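Peer 1: Okay, handing you the structure first.
Chains as they are written, first to last, in the numbering used here: chain A, 55 to 337; chain B, 55 to 337.
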């Protein structure tokens, strides 16, 4: 796997590039990005060795597809059409069902690995790339049986060297669970930010009175809309379901307050406190 | 201010004790707590020098009242009855209107300072106390004009040495703004935790798939219900208002998704992104 192509040299693609180079300094990392500034930045930051064009993908041993999920779903067939018979294309998107569906009958389906490394920050672009981002992180692989065994083995060796834990899941289950533990968090955070900004036009007030708790809860509201709008679109049914349950729980809490039932308010919080134990071990 | 009494030797009271001792190693820190284990822990951790009884408060130069807000409101009159004419009692509660009301006609009102240092973590108890917790944090002081000038001056000197920024506000405005930038965050986090726990009975799934984004958003759901239920009770009207606006914003977002209006979903997020700039400078 000497010739590695990163399509989308942002936070995730860039962090992959850094790890892959560290594991094997002999690889050549090529970058593709629709944003020429990101490509220049990635080169200047030595995240990639060279810029590349789409047609160059035919020389790829490994392609990391790390662009917004709608773009991935649009381009994956054309990418598979272009690569050689021995190449592996791995996508890193936050939704897995659509891309698995799109590729299911492609003659090069066995050259594709659908995965979701659970890693990242609220920032984006090559400047947000982090050395060792994937260390101790989960990498969820979907429909592994549809990928050629030889390519699976090569990929797993790399992921192991990157320090990732592998988990296998079907794409339906992935999209359903991830709606709860990731997609909903982003919406709750964006809407919290919106609610506070709308109210506190005098932004100095927010700054002065907001503590680290608010900053933590609203952190994900800094995330890239270009990345997240397509995720919500592709995972619409699951995300709408999580939102309904979340809104119901909030409405119940509000009703308890309006009924002065603070004993039950206490219980609501007490029953959720064991999230502590669940989260132990997550950074 | 040699004899300092900390009523409630938890995260905030304990952190005050540590700072006060550091500023002036000659002070004697006395601890009171309804929980004998906390008192023993505070002594073992050298957060306090001695345990004390309620009647000892008559020897106090400074009293830090750092217990749940309902208990503070219940005890403040009795505490003011007990202290000497030269002592200062400062409370640190997250709501300010009720305690200001309760004390307004007390003959020792000028010995009382109502304040809210915006600092803390999701943990509680003396083991959660942190050296230097208040460094660069805002301390909101309410109705400062009702506190004796001499005591104001002594208090400000201490807060300055602790590294706090002082902000003055009336208790109504404090309770209204803090509902947005603190109280609502806690509910959004608790209900997010509840929604995910209810769905994901298999907790291993949460652990494996949850990333740092979820951990950050749900962090406040680890907070103490014994501290937070009374806060929500005292600030009921403001908190219910923030919850209504938050629920409306979430419902609007859900409706946009159901209408497949992902252009507007993008805009909703884009418009909230500038929370980045607002939050710059908050840890």
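All C-beta atoms in this analysis are idealised placements derived from N, C-alpha and C, irrespective of residue type, glycine included.
Since this is a predicted model, take the numbers as computed values, not measurements.
Which parts of the segment 179-218 of chain B are runs of the alpha helix (DSSP H), unbroken and 4 residues or longer, counting only runs that do not cross its ends?
Peer 2: Within the segment 179-218 of chain B, the runs of alpha helix (DSSP H) at least 4 residues long that lie entirely inside it are, in chain order, 203-216.
Peer 1: For residue 69(A), count neighbouring Cβ atoms within 10 angstroms of its own Cβ and tell me buried if that reaches 16, exposed if not.
Peer 2: Taking the first chain and counting its residues from 1, the one referred to as residue 69(A) is at position 15. Its Cβ being crowded by 16 or more others within 10 Å, residue 69(A) is buried.
Peer 1: Expressed to the nearest angstrom, what Euclidean distance is found between the alpha-carbon atoms of residue 214(A) and residue 189(A)?
Peer 2: The residue given as residue 214(A) occupies position 160 in the first chain. The residue given as residue 189(A) occupies position 135 in the first chain. Here the alpha carbons of residue 189(A) and residue 214(A) stand approximately 9 Å from one another.
Peer 1: Would you call the CB atoms of residue 150(A) and residue 121(A) closer than 9 Å?
Peer 2: Numbered from 1 along the first chain, position 96 holds the residue referred to as residue 150(A). Numbered from 1 along the first chain, position 67 holds the residue referred to as residue 121(A). In this structure, residue 121(A) does not lie closer than 9 Å to residue 150(A) by Cβ.
Peer 1: Could you give the distance in angstroms between the alpha-carbon of residue 233(A) and the alpha-carbon of residue 318(B)?
Peer 2: If you number the first chain from 1, residue 233(A) lands on position 179. If you number the second chain from 1, residue 318(B) lands on position 264. Going by the C-alpha atoms only, they are around 20 Å apart.
Peer 1: At what residue ranges does the segment 127-188 of chain A contain a whole run of the alpha helix (DSSP H), taking only runs of 4 or more?
Peer 2: Runs of the alpha helix (DSSP H) inside the segment 127-188 of chain A: 151-157.
Peer 1: Does DSSP put residue 255(A) in a helix, in a strand, or in coil?
Peer 2: Sequence index remark: in the first chain, residue 255(A) carries index 201 (1-based). In the structure shown, residue 255(A) sits in coil (DSSP, three-state: anything other than H, G, I, E or B).
Peer 1: Looking at the unbroken alpha helix (DSSP H) that takes in residue 300(A), where does it start and where does it end?
Peer 2: Looking up residue 300(A) in the first chain gives position 246. Its alpha helix (DSSP H) spans residues 290-312.
Peer 1: Do the segment 237-251 of chain A and the segment 313-328 of chain B touch if we need at least three Cβ pairs shorter than 8 Å?
Peer 2: yes
Peer 1: Under 9 Å, do residue 127(A) and residue 152(A) count as touching if we go by C-beta distance?
Peer 2: The residue given as residue 127(A) occupies position 73 in the first chain. The residue given as residue 152(A) occupies position 98 in the first chain. Yes, the Cβ-Cβ distance between residue 127(A) and residue 152(A) is below 9 Å.
Peer 1: So for residue 57(A), helix, strand or coil by DSSP?
Peer 2: Here residue 57(A) refers to the residue found at position 3 when the first chain is read from its first residue. In this structure, residue 57(A) counts as strand in the three-state DSSP scheme.
Peer 1: Does the beta carbon of residue 119(B) come closer than 9 Å to any beta carbon on chain A?
Peer 2: Taking the first residue of the second chain as 1, we reach residue 119(B) at position 65. Taking Cβ atoms only, chain A never reaches closer than 9 Å to residue 119(B), which makes this a no.
Peer 1: At a cut of 8 Å, does the segment 268-277 of chain A reach the segment 171-181 of chain A through at least three beta carbon pairs?
Peer 2: yes
Peer 1: When you compare the CB of residue 260(A) with every CB in chain B, is at least one pair closer than 9 Å?
Peer 2: Position 206 of the first chain holds residue 260(A). At least one chain B Cβ lies under 9 Å of residue 260(A).
Peer 1: Apply the 10 Å Cβ neighbour rule to residue 51(B) and answer buried if 16 or more other Cβ atoms are within range, or exposed otherwise.
Peer 2: Shown here, chain B extends from 55 to 337; a query on residue 51(B) therefore has no answer.
Peer 1: From which residue to which residue does the beta strand (DSSP E) around residue 119(B) run?
Peer 2: Your numbering for residue 119(B) matches position 65 in the second chain. Element bounds for residue 119(B): 116-119.
Peer 1: Can you find a C-beta in chain A that's less than 9 Å from the C-beta of residue 107(B)?
Peer 2: Counting from one through the second chain, the residue named residue 107(B) turns up at place 53. No, residue 107(B) does not count as interfacial toward chain A.
Peer 1: Quick check on residue 247(B): does DSSP put it in helix, strand or coil?
Peer 2: Indexing the second chain from 1 puts residue 247(B) at position 193. Helix, per DSSP.
Peer 1: Pop quiz: residue 305(A) and residue 301(B) are said to be a contact at Cβ under 8 Å. What is the actual Cβ separation, rounded to whole angstroms?
Peer 2: As a first step, residue 305(A) must be located in the first chain, where it is residue number 251. As a first step, residue 301(B) must be located in the second chain, where it is residue number 247. Indeed, because the Cβ distance is near 6 Å, the residues count as touching under 8 Å.
Peer 1: May I ask you to list, following chain order, the residues of the segment 266-289 of chain A that have a beta carbon less than 7 Å from some beta carbon of chain B?
Peer 2: 266, 267, 268, 269, 270, 271, 272, 273, 274, 275, 276, 279, 282, 283, 286, 287
Peer 1: Can you tell me which of 250(A), 102(A), 133(A) puts its alpha carbon nearest to the alpha carbon of residue 80(A)?
Peer 2: Residue numbering aside, residue 80(A) sits at position 26 when the first chain is read from its first letter. Checked all of 250(A), 102(A), 133(A); the closest Cα to residue 80(A) is 102(A).
Peer 1: For residue 196(A), I'd like the list of residues in its chain whose CB is within less than 8 Å of its CB, leaving aside the five on either flank, ordered along the chain.
Peer 2: Counting from one through the first chain, the residue named residue 196(A) turns up at place 142. Contacts found: 150, 154, 168, 169, 170, 222, 223, 224, 225, 228.
Peer 1: Is residue 159(A) buried or exposed, if buried means 16 or more other CB atoms sit within 10 Å of its CB?
Peer 2: Residue numbering aside, residue 159(A) sits at position 105 when the first chain is read from its first letter. Under this definition residue 159(A) is an exposed residue.
Peer 1: Using only the alpha-carbon positions, how far apart do residue 256(B) and residue 119(B) sit?
Peer 2: Looking up residue 256(B) in the second chain gives position 202. Looking up residue 119(B) in the second chain gives position 65. Inter-residue distance for residue 256(B) and residue 119(B) is about 42 Å (C-alpha atoms, whole angstroms).
Peer 1: Does residue 89(A) get closer than 9 Å to chain B when you measure Cβ to Cβ?
Peer 2: For the purposes of this step, residue 89(A) is taken as residue 35 along the first chain, with counting starting at 1. Cβ-Cβ to chain B under 9 Å: no for residue 89(A).
Peer 1: So is residue 255(A) in contact with chain B if we call contact Cβ pairs under 9 Å?
Peer 2: Against the first chain, residue 255(A) aligns to sequence position 201. False, the Cβ-Cβ gap to chain B never drops below 9 Å.
Peer 1: Examine chain B for any beta-carbon lying closer than 9 Å to the beta-carbon of residue 84(A), and answer yes or no.
Peer 2: Within the first chain, residue 84(A) is the residue found at index 30, counting from 1. Taking Cβ atoms only, chain B never reaches closer than 9 Å to residue 84(A), which makes this a no.
Peer 1: If distances are taken between C-alpha atoms only, which option among 75(B), 61(B), 201(B) comes closest to residue 133(B)?
Peer 2: Translated into positions along the second chain, residue 133(B) becomes position 79. Closest by alpha carbon: 61(B).
Peer 1: Determine whether the Cβ of residue 314(A) lies closer than 9 Å to any Cβ atom of chain B.
Peer 2: As a working mapping, residue 314(A) is identified with position 260 in the first chain. Closer than 9 Å to some Cβ of chain B, the Cβ of residue 314(A) qualifies, so yes.
Peer 1: With 16 other CB atoms within 10 Å as the buried threshold, where does residue 252(B) fall?
Peer 2: Numbered from 1 along the second chain, position 198 holds the residue referred to as residue 252(B). The Cβ neighbour count for residue 252(B), taken over all protein chains shown within 10 Å, is under 16; the residue is labelled exposed.
Peer 1: State yes or no: is the C-beta of residue 264(B) within less than 9 Å of the C-beta of residue 148(A)?
Peer 2: The residue you call residue 264(B) lines up with position 210 of the second chain. The residue you call residue 148(A) lines up with position 94 of the first chain. Result no, Cβ atoms of residue 264(B) and residue 148(A) do not sit closer than 9 Å.
Peer 1: Quick one: residues in its chain with C-beta nearer than 6 Å to the C-beta of residue 104(A), no 5 flanking neighbours on either side, listed in chain order?
Peer 2: Start at 1 with the first residue of the first chain, and residue 104(A) comes out as number 50. Result list for residue 104(A): 84, in chain order.
Peer 1: For residue 150(A), decide whether its Cβ has a neighbour in chain B, counting only Cβ atoms nearer than 9 Å.
Peer 2: Here the question's residue 150(A) lines up with position 96 in the first chain. So, not an interface residue.
Peer 1: On the DSSP bridge assignment, give the partners of residue 83(A) in chain order.
Peer 2: Along the first chain, read from residue 1 onward, the residue named residue 83(A) stands at position 29. BP columns for residue 83(A) point to 58(A).
Peer 1: What residue does the alpha helix (DSSP H) around residue 229(A) start on, and which one ends it?
Peer 2: The count along the first chain starts at 1 and reaches residue 229(A) at position 175. Run containing residue 229(A): 225-232, per the alpha helix (DSSP H) assignment.
Peer 1: According to a CB-to-CB cut-off of less than 9 Å, which residues of the segment 173-202 of chain B neighbour chain A?
Peer 2: Under the 9 Å Cβ criterion, the segment 173-202 of chain B contributes 173, 174, 175, 176, 191, 192, 194.
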